[in-house]
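Below you'll find the structure, written out as structure tokens, and then a few comments.
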Amino acid sequence: MIQKKKDLRNRLLEYLAEEAGCQEMSDLPTSFWFPVACFIAGSVKAERFSAREWNEAVRYLTGENIRFASPVQAQKFLEVNKDNFHTDKKAGKRM
1077 MIQKKKDLRN RLLEYLAEEA GCQEMSDLPT SFWFPVACFI AGSVKAERFS AREWNEAVRY
1137 LTGENIRFAS PVQAQKFLEV NKDNFHTDKK AGKRM
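In structure tokens, the structure reads:
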């Protein structure tokens, strides 16, 4: 039996970067793009992406390893915390 390779891409992060107009996905956690990404995340139907993708997106955007049981919970977390997390890219520090 041939096994399919697991899709390791994160379609949610790709979607956020594309919708935000970011040149690079790595820009999303920065002080300018983080609130934009959270706003976009709040406007998408949560179930469009898997809980794994939402959890990975939260970890990527915030730098925190927080787990949510459902896409809706992760989405709400980003909406509520849009002003609380971002990376100062030049200093490489969490703000």
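With the working numbering, letter number 53 in the sequence shown gets 1129, and the count goes up by one each step, no holes.
Idealized CB from N, CA, C, for every residue including glycine.
My output table needs one value for residue 1167: the three-state DSSP class, helix, strand or coil. Unreliable placement is indicated for residue 1167, whose pLDDT of 42 sits below 50; the coordinate value is still reported in the next sentence. Note: residue 1167 maps to coil in three-state DSSP.
Please list the segments of the alpha helix (DSSP H) lying wholly inside the stretch 1089-1147, counting only runs of 4 or more residues, in order along the chain. With a minimum length of 4 residues, the unbroken runs of alpha helix (DSSP H) contained wholly in the stretch 1089-1147 fall at 1109-1119, 1127-1138.
Among 1136, 1123, 1158, 1157, which one has its Cα closest to the Cα of residue 1147? 1123
How would you label residue 1116, buried or exposed, when you count the other beta carbons within 10 angstroms and need 16 or more for buried? buried
Can you tell me whether residue 1134 is buried or exposed? The criterion is at least 16 other CB atoms within 10 Å of its CB, across all chains shown. buried
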